[in-house]
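S.K.: Got a structure for you, questions after.
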Amino acid sequence: MSPRTWRLFLVVVGVLVTLVHCDLGLDVTIPNLKREVVASIGDGTVPLVKANGTIRGEAAQDTTGVIVGLVGVIGKIVTPLNMFLGQMLATASSGESAGRSGFTDLNDLAERSKLSLDEATFIAADLAPLIQPSMNVKLIENVQTIGENLDIARSQLQVLGAAVDQVRNSVDPVTSDNVTMIITKEAVNGLTATIKSITTSIKSLADVSNTIVRNINTGLAVQTTVSNSHAATSRNIDLFFLAAFNRSYDDVITNIQNLAKAYVANIRQAYGPVLVQRQPIPEENVATLNSFLDGVDLSVTGFADRSTESLTLFKEEVAQILNDQRAIIGETLSAATKTMTQDAFKSDNAMAVRCVQASTNAMVLTPPVNRLVNCIQGEPGSALPLVQLVRGLLDQSKISANSNANLMRTCQRIGTTCSNSYFSAYADLALQTDAQLTLTNNVIATEARAITNRIRTCVVATVADINDNAQQILTNFNGCLVTGQ
1 MSPRTWRLFL VVVGVLVTLV HCDLGLDVTI PNLKREVVAS IGDGTVPLVK
51 ANGTIRGEAA QDTTGVIVGL VGVIGKIVTP LNMFLGQMLA TASSGESAGR
101 SGFTDLNDLA ERSKLSLDEA TFIAADLAPL IQPSMNVKLI ENVQTIGENL
151 DIARSQLQVL GAAVDQVRNS VDPVTSDNVT MIITKEAVNG LTATIKSITT
201 SIKSLADVSN TIVRNINTGL AVQTTVSNSH AATSRNIDLF FLAAFNRSYD
251 DVITNIQNLA KAYVANIRQA YGPVLVQRQP IPEENVATLN SFLDGVDLSV
301 TGFADRSTES LTLFKEEVAQ ILNDQRAIIG ETLSAATKTM TQDAFKSDNA
351 MAVRCVQAST NAMVLTPPVN RLVNCIQGEP GSALPLVQLV RGLLDQSKIS
401 ANSNANLMRT CQRIGTTCSN SYFSAYADLA LQTDAQLTLT NNVIATEARA
451 ITNRIRTCVV ATVADINDNA QQILTNFNGC LVTGQ
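When we follow our numbering, the leftmost residue of the sequence shown carries the number 1, and every step to the right adds one.
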């Protein structure tokens with residue numbers, strides 16, 4: 001409830017409490033009048049004010065515009081009717097109010113109330129495409145009925161005002177016997193019946209408004225159910241399937257790094273004896289050998305780093321593909337659910353709720369996003385050939401390097417000067433190793449792109465099919481509204 005509405009409500013309640021204890025004036029003459037006005041405020045206006053407060057609290061969550069519209073309708077009714085009924089109570093209760101003149105302010109308030117009710121009718125009419133036809137009819141009918149009864153009440157109050165003037169200005173003694181000749185039972189009962197009718201319409205307006213809001217909230221709850229199901233399944237994909245996929249390629253990265261470290265260590269171990277016992281190897285050739293070993297170390301380390309980078313980017317790209325397409329699935333399901341629930345709850349079809357439930361089950365019991373698992377589940381097996389490729393390459397390079405090391409150790413054992421040709425081969429071997437490692441990097445990157453493309457193609461095709469299925473669910477829902485199945 002807005003602060004302004006609440007203040008007005010307190011004013012009316014204050015009038016009720018205060019005036020009950022003051023000089024009752026007309027209340028002495030027309031005892032039923034004040035009681036019916038009090039009942040009208042308690043039975044009609046108070047529920048509407050409460051409904052207004054509740055509805056305002058829901059407006060922030062509403063994406064349909066219906067609740068905001070209802071707030072506008074009720075706002076145009078609550079304030080002027082509070083003031084009108086409060087003034088009517090004051091007029092009926094105040095001993096200082098002259099009969100006919102006491103209704104001047106009341107007529108002005110009634111006129112302003114009518115204008116405000118006309119505005120409420122226009123706002124309610126704008127809600128027609130968004131809510132159930134029966135609810136819209138009730139909404140407008142109640143507003144119009146209140147307006148019609150306001151006109152009737154004004155006329156009746158004028159009659160009573162004139163009668164009260166006659167009683168007050170009478171030169172003859174006024175008794176309980178002759179007062180009913182002037183202020184007739186029919187006049188009093190007519191006004192109280194009109195007030196009751198206003199009360200009934202106000203309460204009905206509150207009930208209709210609350211029903212509309214409940215329908216909207218039910219639709220929002222269905223949308224939340226589908227959204228939560230999608231989110232939960234997406235988390236499971238991350239926790240189990242994508243995590244398993246990433247672990248398989250983390251293992252590839254670890255294996256490549258370990259193979260690279262082992263290769264460097266093995267080569268240095270093979271040439272260790274040669275470097276420890278340098279004779280009869282000339283120093284310049286020893287420098288060549290050390291340069292070769294450093295170059296191999298650099299090439300292999302660079303290879304491992306590039307492989308790690310390629311595979312890390314590959315994993316990130318796969319995760320991004322899944323995230324992007326899951327978002328599309330979520331938007332598709334959200335749009336379908338929103339369309340379905342809005343169509344259901346702006347329909348008077350008795351089967352609407354059951355049709356919504358059936359269609360919701362189709363999207364929740366077997367979450368569509370779970371189908372993306374099929375696109376990544378078989379790909380971890382593609383990791384093993386990459387490790388085997390690297391192992392084979394490094395093993396071949398290691399054999400060549402070890403062969404040269406054996407030749408050099410042979411030279412040292414027989415005490416002859418090793419041929420310079422052995423050392424000249426190291427430059428070629430270093431170039432070959434670097435070229436092979438670069439080629440292997442390219443192979444790894446190419447294979448990663450191929451896997452990425454396979455996953456992307458699978459995911460996009462799956463999402464397109466899910467979109468078609470969502471449209472089919474909507475079609476089935478519309479069919480359910482017609483056939484009940």
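Ideal Cβ placement from N, Cα and C applies to all residues, glycine included.
(1) Count the other CB atoms within 10 Å of the CB of Asn361; is the residue buried (16 or more) or exposed (fewer)?
(2) Have a look at Asn236 and Ala304 and give me their C-alpha separation to the nearest angstrom.
(3) If you count every other CB in all the chains shown that lies within 10 Å of the CB of Ala244, and 16 or more means buried, which is it?
(4) Measure the beta-carbon distance from Met363 to Ile473 and round it to whole angstroms, keeping in mind my assumption that it falls under 8 Å.
(5) Hey, could you find the ends of the alpha helix (DSSP H) Pro133 is sitting in?
(6) Check each candidate in Thr312, Ser201, Ala120 and name the one with the smallest Cα separation from Tyr249.
(7) So for Leu474, helix, strand or coil by DSSP?
(8) Mind reading off the beta-carbon distance from Ile146 to Ile198? Whole number of angstroms is fine, and I expect it under 8 Å.
(9) How many whole angstroms separate the CB atoms of Ile77 and Leu205, which I take to be in contact at a CB cut-off of 8 Å?
(10) Keeping to the same chain, check which residues put their C-beta closer than 6 Å to that of Ser116; ignore five residues upstream and five downstream.
(11) Hey, which unbroken runs of the beta strand (DSSP E) at 3 residues or more fall wholly within the stretch 301-359?
(12) Indicate the three-state DSSP secondary structure (helix, strand or coil) for Leu259 in the structure shown.
(13) Looking at the unbroken alpha helix (DSSP H) that takes in Asp207, where does it start and where does it end?
(14) Using alpha carbons as the reference points, say which of Gln320, Arg268, Glu316 lies closest to Gly295.
(15) Have a look at Val460 and Arg449 and give me their C-alpha separation to the nearest angstrom.
(16) Would DSSP call Leu26 helix, strand or coil?
(17) Under 8 Å: do the stretch 322-338 and the stretch 368-380 share three or more Cβ pairs, one atom per stretch?
(18) In its own chain, which residues sit with a C-beta less than 7 Å from the C-beta of Ala445, not counting the 5 before and 5 after it?
(19) Is the beta carbon of Ile511 sitting closer than 8 Å to the one on Val443?
(20) For the putative contact between Ile455 and Ile328, defined by C-beta atoms under 8 Å, what is the C-beta separation to the nearest angstrom?
(21) How long is the line joining the alpha carbons of Thr301 and Ala260, rounded to whole angstroms?
(22) Among Pro282, Thr337, Met88, Ala193, whose alpha-carbon lies nearest the alpha-carbon of Ser229?
(23) Please report the distance separating the alpha-carbon of Ala464 from that of Met83.
(24) Does DSSP put Leu128 in a helix, a strand or coil?
(25) Looking only at its own chain, which residues have a Cβ that is under 6 Å from the Cβ of Ala128, when we skip the five neighbours before and after it?
(26) Tell me which residue opens and which closes the alpha helix (DSSP H) that Val373 is part of.
(27) Can you give the Cα-Cα distance for Lys114 and Lys185, rounded to whole angstroms?
(28) Going by CA-CA distance only, name the one from Thr211, Gly378, Val143, Gln156 that's closest to Thr200.
(29) Nearest-angstrom Cα distance between Asp468 and Arg247?
(30) Reducing DSSP to helix, strand and coil, say where Asp172 ends up.
(31) Gly161 to Val171, Cα distance in whole Å?
(32) Sorted by chain position, which residues of the same chain lie with C-beta nearer than 6 Å to Cys458's C-beta, five sequence neighbours on each side aside?
(33) Pull up the distance between the alpha-carbon of Thr518 and that of Gln223, whole angstroms please.
M.R.: Taking the definition as stated:
(1) By 1-based counting over the sequence shown, the position of residue 361 is 361. Exposed.
(2) Position 236 of the sequence shown, counting from 1, holds the residue named residue 236. Position 304 of the sequence shown, counting from 1, holds the residue named residue 304. Taking the CA atoms as reference points, Asn236 sits about 32 Å from Ala304.
(3) The residue labelled residue 244 in the question sits at position 244 within the sequence shown. Burial call: exposed.
(4) Here residue 363 refers to the residue found at position 363 of the sequence shown. Here residue 473 refers to the residue found at position 473 of the sequence shown. 7 Å between Cβ atoms; contact.
(5) The residue given as residue 133 occupies position 133 in the sequence shown. Looking at the DSSP string, the run of the alpha helix (DSSP H) that includes Pro133 is 133-168.
(6) Within the sequence shown, residue 249 is the residue found at index 249, counting from 1. Measuring from the Cα of Tyr249, the nearest candidate turns out to be Thr312.
(7) Sequence index remark: in the sequence shown, residue 474 carries index 474 (1-based). In this structure, Leu474 counts as helix in the three-state DSSP scheme.
(8) For the purposes of this step, residue 146 is taken as the residue at position 146 of the sequence shown. For the purposes of this step, residue 198 is taken as the residue at position 198 of the sequence shown. With a Cβ gap of about 6 Å, Ile146 and Ile198 count as contacting.
(9) Locating residue 77 in the sequence shown gives position 77, where the first residue counts as 1. Locating residue 205 in the sequence shown gives position 205, where the first residue counts as 1. At roughly 7 Å, the Cβ-Cβ gap stays under 8 Å, so Ile77 and Leu205 are in contact.
(10) Position 116 of the sequence shown, counted from the first residue, corresponds to residue 116. Same-chain partners within the cutoff: Lys76, Pro80.
(11) none
(12) Indexing the sequence shown from 1 puts residue 259 at position 259. Helix.
(13) For this step, residue 207 is matched to residue 207 along the sequence shown. Counting along the chain, the alpha helix (DSSP H) containing Asp207 begins and ends at 185-236.
(14) Mapped onto the sequence shown, residue 295 falls at position 295. If we check each option's Cα against that of Gly295, Arg268 comes out closest.
(15) Along the sequence shown, one-based indexing puts residue 460 at 460. Along the sequence shown, one-based indexing puts residue 449 at 449. Near 16 Å, if we compare the C-alpha coordinates of Arg449 and Val460.
(16) Here residue 26 corresponds to residue number 26 of the sequence shown, with the count starting at 1. Reliability of the predicted coordinates at Leu26 is poor, the pLDDT of 47 falling under 50, and the value obtained from them is presented with this limitation in mind. It is helical.
(17) yes
(18) Your numbering for residue 445 matches position 445 in the sequence shown. Taken in chain order, the residues that qualify are Ser310.
(19) There is no way to answer for residue 511, as the model of the chain reaches only from 1 to 485.
(20) One-based indexing of the sequence shown puts residue 455 at position 455. One-based indexing of the sequence shown puts residue 328 at position 328. Contact doesn't hold; Cβ gap of about 15 Å is too wide.
(21) The count along the sequence shown starts at 1 and reaches residue 301 at position 301. The count along the sequence shown starts at 1 and reaches residue 260 at position 260. Near 7 Å, if we compare the C-alpha coordinates of Ala260 and Thr301.
(22) Looking up residue 229 in the sequence shown gives position 229. Checked all of Pro282, Thr337, Met88, Ala193; the closest Cα to Ser229 is Thr337.
(23) Translated into positions along the sequence shown, residue 464 becomes position 464. Translated into positions along the sequence shown, residue 83 becomes position 83. Their backbone Cα atoms lie some 59 Å apart in a straight line.
(24) In the sequence shown, the residue the question calls residue 128 occupies position 128. As written in the sequence, residue 128 is Ala, which differs from the Leu given in the question. Correct three-state label for Ala128: coil.
(25) Residue 128 sits at position 128 when you count from the first residue of the sequence shown. Contacts found: Asn136.
(26) Here residue 373 refers to the residue found at position 373 of the sequence shown. Counting along the chain, the alpha helix (DSSP H) containing Val373 begins and ends at 373-377.
(27) As a first step, residue 114 is located in the sequence shown; it is residue number 114 there, counting from the start. As a first step, residue 185 is located in the sequence shown; it is residue number 185 there, counting from the start. Taking the straight line from one Cα to the other gives about 28 Å.
(28) As a position in the sequence shown, residue 200 is number 200, starting the count at 1. Distance from the Cα of Thr200 is smallest, within the candidate group Thr211, Gly378, Val143, Gln156, for Val143.
(29) Mapped onto the sequence shown, residue 468 falls at position 468. Mapped onto the sequence shown, residue 247 falls at position 247. Taking the straight line joining both Cα atoms gives about 33 Å.
(30) As a working note, residue 172 is residue 172 in the sequence shown. Coil.
(31) For this step, residue 161 is matched to residue 161 along the sequence shown. For this step, residue 171 is matched to residue 171 along the sequence shown. Computed Cα separation, rounded: 18 Å.
(32) Translated into the one-based positions of the sequence shown, residue 458 becomes position 458. Closer than 6 Å at the Cβ level, and outside the excluded window around Cys458, lie Cys375.
(33) Outside the shown range of the chain (1 to 485) lies residue 518, about which nothing can therefore be said.
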